[in-house]
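Here's the structure we're looking at; comments come further down.
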Amino acid sequence: MSHTIPSLWAATARPPLTLPPPEGDMRADVAIVGAGYTGLAAALSLSRGGASVIVLDTQAPGFGASGRNGGQVIPGIKIDPDEIDTVFGEATTEFVGKTAETTFALIEAEGIACEASRDGWVQGSVKRAHLGLLERRARQWQARGADVDLLTRDEVRAHTGTAIFEGGWIDRRAGRLHPLNYATGLAQAALAQGADIRVGAAATRLAREGQGWRVSLANGASVLAGQVIVATNGYSGALFPKLRASLVPAGSFQVATAPLPDALLQQILPGRCVVSDTRRVGNYFRIGPENRLMMGGRGTFSDTPADAAYTRLIGNLHRTFPETRGLPITYRWTGRVAMTADHLPHVHQPLPGLTMAAGYNGRGVALSSALGTAIGGHLLDGAQPLPFRFTDIRPLPVHALHPIYATLAIWYYRLRDALET
């Protein structure tokens, strides 16, 4: 993320929580590394169930992807229901179909003030070649009782205010929120249930000690816990190198305009749904705080934000909504999402008492909230099944070169997008 200009979320967020650093030799039933949605939802679930929990992070809750994403609360994963049934089973399909519902229910139950609103998600296609895929997707979810519908070209235009789409579908289970305020609110809810959140020192070492684990921290403190959850996702570092090597941290770039005048607010996204498109390297957009139009997309896979990525994104914004060309772009920022080779989320348990979850591939708000809650429930009671089976951690070949080969993949996907009609 650019630190010279804050994100729109940071600029409109409630004040951050004041949290202490880790100190001395601490003990808990469960230590959680990572104060994003996964870790915080797990902490809330565990604390409510009576477990003692310590959450550890180098930064305040929501510093990573949980406080920088587009705030789109979308159910499902990257594959469609019939394939989810085949790969994971029907129970997983049911779980991922309800992740948005789970997230909004959590927000309501805890009274989290994060501008949450369930106005639906439209997935549009700028390619006629993708319309069959969208029809299959919508029909499969309809067969499972989901409140979704196919949309004609004119209906997509009515929902979005843009003429770029050839057709699409709407998923009314979905919605939007303020992601940084949501992260802060989850942390507050966990604290209220008795969780302990410590920030300011990196977790540097995991070691078995007796029947549990000791998490050592950079400032000399440590936590001894019976169970450990590693919930670092796109910000996974040296604590567990094999996990980091299994993920590609993708740069997700966003921009936001000056506030839209009333005439454009009535024209652009009049029902306030969130939107994304079907291209392999697509864009997503919504109305954000202060009635600003926001658009996001993939850029380079380098840790250094490239001006070219923002230029491309702003160009896409203006092609989608030509009437916004005269509006200044007042915010731009980036962060990391974790991609996996198979585009599926993964839950690992490489050793007894050590659980990891990562790889949300652009569905992180709803999926990480629901999965963190489920992991907490499973650790409280092993009879509560996890929605995803444990998988082996598979490091990617030549992972150190991921910024190069992933950027090449982006170029290749853009070429394929351009060649399709």
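Add 6 to the 1-based position in the sequence shown for the numbering used here, that's all there is to it.
Glycine included, C-beta positions come from ideal geometry on N, C-alpha and C.
Values in this document were obtained by computation on a predicted structure and should not be read as measured data.
Between the beta-carbon of A37 and that of W175 there is about 42 Å, and that puts the pair past the 8 Å contact cut. Under the three-state reduction of DSSP output, Q273 falls in the helix class.
The beta-bridge partner set that DSSP reports for D31 consists of S228.
Residue A224 holds the alpha-carbon nearest to the alpha-carbon of T210 among A224, L137, W147.
For Y241, there is no enclosing beta strand (DSSP E), as DSSP marks it with neither H nor E. Here L350 has I83, K84, I85, V93, G365, N367 as same chain residues with Cβ atoms under 8 Å from its own Cβ, once five neighbours each way along the sequence are excluded. When the alpha-carbon of Q129 is set against those of V353, T317, F291, the nearest one is in F291.
Secondary-structure assignment with DSSP links Q129 through a beta bridge to W175, S282. A Cβ-Cβ separation of about 7 Å places A237 in contact with A48 under the 8 Å criterion. Beta-bridge analysis with DSSP links Q260 to G302, W339.
For Q146, the enclosing alpha helix (DSSP H) has its first and last residue at 137–148. Look at A193 here: in three-state DSSP terms it is helix. Distance between D268 and V281, taken at the CA atoms: about 20 Å. For E329, the CB contacts under 7 Å within the same chain, skipping 5 residues up- and downstream, are L270 in chain order.
Judged by DSSP in its simplified three-state form, P356 adopts strand. Rounded to whole angstroms, the gap between the alpha carbons of V353 and A363 is 4 Å. Along the length of the stretch 38–120, whole beta strand (DSSP E) runs at least 3 residues long occupy 59–63, reported in chain order.
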